[in-house]
Amino acid sequence: MNNPNNFQYIDLEARYMIIPLSKAPTNKIATIIQVNTGPGLKTRLLNMGFVNGAKLKVLENNGHHIVVALEGGSGRVVALSRGIAMKILVEVQN
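In the working numbering, the protein residues as written are 12 to 105.
Next up, the structure:
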């Protein structure tokens, strides 16, 4: 499709959106797509279960921190700062 005005086209029927975890709505299930941090923090997050493909449920997102429950065997509940949550890309079903 020719786009001479550089308009951004949005698929309004898309079933998924990829956003930073910091923007994820409460009570939604999200799948981790990518962790974009330095090597030290990335290792720590991976050890806590924040791996690509992992599912989590957003329990609280108040703009300052986000609380998530990692799904699976661990059932671990983790609170992250907004800054760290901004570096984790997730896919959320609409």
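Cβ coordinates follow ideal geometry from the N, Cα and C atoms, glycine included.
- Per DSSP, reduced to three states, the secondary structure at Thr37 is coil, with no helix or strand assignment.
- Collapsing the DSSP output to three states places Ala65 in coil.
- In this structure the stretch 26 to 46 lies against the stretch 55 to 68, because at least three pairs of beta carbons, one per stretch, are closer than 8 Å.
- In this structure, the CA atom of Met59 is about 25 Å from the CA atom of Tyr27.
- Here DSSP, grouped into helix, strand and coil, assigns Met59 to helix.
- The Cβ-Cβ distance between Val103 and Ala35 falls below 8 Å.
- When rounded, the separation of the alpha-carbon atoms in Asn47 and Val101 is 11 Å.
- It is roughly 24 Å from the alpha-carbon of Thr54 to the alpha-carbon of Asn72.
- His76 and Arg87 do not touch by the CB rule: their CB atoms are close to 16 Å apart, not below 8 Å.
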